[in-house]
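In my numbering, the protein residues as written are 0 to 371. We put the beta carbon where it would ideally sit given N, CA and C, even for glycine. If you're wondering where the values come from, they're calculated on a predicted model, not measured in any experiment.
If you want it as structure tokens, here you go:
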């Protein structure tokens, strides 16, 4: 093994004082890639599982947006597998430790990495767009959804054709082609995420909610495009190292940000729909907002109970009742209102199935009825 290693040469000469290492042992960067990929894939799997449970068992039905985000998560897993498999071809190692044969295998693997990086975030974007289409019947919003969906599909398909054709790294080894595509993808992802984040703002503005709740609702919907920050960090890194010849090393470093970006798309898109889960299993998180809303209910409907008093009105009336069959003694009413019949009042939430949610039902705090 040592004699073979002594005759091996890397695809680029090492820096002065550095001895090439062809042992095939994991590098520190490869270990970092493995840790980050494993952690983010596991976290996204947990959040996605909660979403599926919420939509499938609490809301009684999965929708198209759920299946799209499931496909996006499967893309994250495929990305994980392909990148780890690329370790044997020098992915995450310096070019002076990579042989020409390894580089050829790496270039073949790079095609799969590029295609997965195109379609995995695209599926997350489609999931959010389908969600917006479902909860808003407004023609203007749906038109924006159609335009953005067509744009995302168009550039994703175009990049796939270019990567597998004119910019195929195996048949056209010019690195500048893929580097240009890499920068273009980073920019277009940021732009489309920004526009998708803008879509729900008119819906939120039209909701009959206090301003603080509208702001909170906007922040929660913005989580669906929270990957913008990760994309911006990644594009800065890619731009700084776009001309670095040590491709296998710095592309692996950039792919750490890419993994966070891809899985964050699944996580943020899923978090938008987790209110029913929180409501059922962690209601304490909603109690504060519910109390705040109950304290701001319209005048005259502030409370339900034995005594009801209109805000700003000096006179109050006591509600009393008599047992069935009893005769009401009007001599001792003292202005009380006689209730001769009683009814059981039940507040029943609508069974949400499939495409029935409204914006308020998905995210707005529950109304504190005060009726039991």
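Run the CB neighbour count on residue i, radius 10 Å, all protein chains shown included, and call it buried at 16 or more, exposed below.
| i | result |
| --- | --- |
| residue 24 | exposed |
| residue 66 | exposed |
| residue 165 | exposed |
| residue 87 | exposed |
| residue 384 | The requested residue 384 does not occur in the structure, where the chain is confined to residues 0 to 371. |
| residue 283 | exposed |
| residue 36 | buried |
| residue 349 | Per-residue confidence for residue 349 stands at a pLDDT of 43, beneath the threshold of 50, marking its modelled position as unreliable; no derived number is given. |
| residue 171 | exposed |
| residue 89 | buried |
| residue 185 | buried |
| residue 279 | exposed |
| residue 204 | exposed |
| residue 160 | exposed |
| residue 6 | exposed |
| residue 74 | buried |
| residue 247 | buried |
| residue 169 | exposed |
| residue 210 | exposed |
| residue 212 | buried |
| residue 303 | For residue 303, the pLDDT reaches just 29, beneath the cut-off of 50, and the residue's location in the model is therefore unreliable, leaving the point undetermined. |
| residue 352 | Here residue 352 scores only 42 on pLDDT, less than 50, and its place in the model should not be relied on; the value that follows carries that caveat. It counts as exposed. |
| residue 175 | exposed |
| residue 64 | buried |
Which stretch, first to last residue, makes up the alpha helix (DSSP H) that contains residue i?
| i | result |
| --- | --- |
| residue 56 | It is not in any alpha helix (DSSP H) - residue 56 carries neither H nor E in the DSSP assignment. |
| residue 149 | 138-163 |
| residue 104 | 99-134 |
| residue 25 | That residue, residue 25, is in no alpha helix (DSSP H); it is neither H nor E in DSSP. |
| residue 408 | No statement about residue 408 is possible, as the shown extent of the chain runs from 0 to 371 and does not include it. |
| residue 276 | 274-280 |
Once the 5 residues before and after residue i are set aside, which same chain residues still bring their CB inside 7 Å of it?
| i | result |
| --- | --- |
| residue 39 | 258, 259 and 262 |
| residue 123 | 68, 71, 264, 265 and 268 |
| residue 275 | 53, 57 and 58 |
| residue 191 | 124, 147, 150 and 151 |
| residue 43 | 72, 75, 262, 265 and 266 |
| residue 111 | 81 |
| residue 233 | 185, 253, 256, 257 and 260 |
| residue 101 | 88 and 89 |
With a cut-off of 8 Å on the beta carbons, I'd call residue i and residue j a contact; round off their distance for me.
| i | j | result |
| --- | --- | --- |
| residue 10 | residue 99 | 6 Å |
| residue 155 | residue 121 | 4 Å |
| residue 62 | residue 54 | 7 Å |
| residue 26 | residue 92 | 5 Å |
| residue 251 | residue 32 | 6 Å |
| residue 94 | residue 245 | 5 Å |
| residue 96 | residue 21 | 6 Å |
| residue 131 | residue 117 | Rounded, the Cβ-Cβ distance is 22 Å, inconsistent with contact. |
Who are the Cβ neighbours of residue i in its own chain at under 6 Å, not counting the five residues just before and after it?
| i | result |
| --- | --- |
| residue 148 | 128 |
| residue 178 | 241 |
Can you find a heavy atom of the ligand SAM that lies under 7 Å from the Cβ of residue i?
| i | result |
| --- | --- |
| residue 78 | Judged by which ligands are present, the structure shown has none, so any question about the ligand SAM falls away. |
Leaving out five residues on either side along the sequence, give the residues of the same chain with a beta carbon under 8 Å from the beta carbon of residue i.
| i | result |
| --- | --- |
| residue 137 | 201 and 202 |
| residue 238 | 182 |
| residue 230 | 185, 188, 189, 192 and 260 |
| residue 114 | 159, 162 and 163 |
Inside the stretch 192-251 only - alpha helix (DSSP H) runs reaching at least 4 residues: For the stretch 192-251, the full-length alpha helix (DSSP H) segments reaching 4 residues or more read 200-205, 210-221 and 226-239 along the chain.
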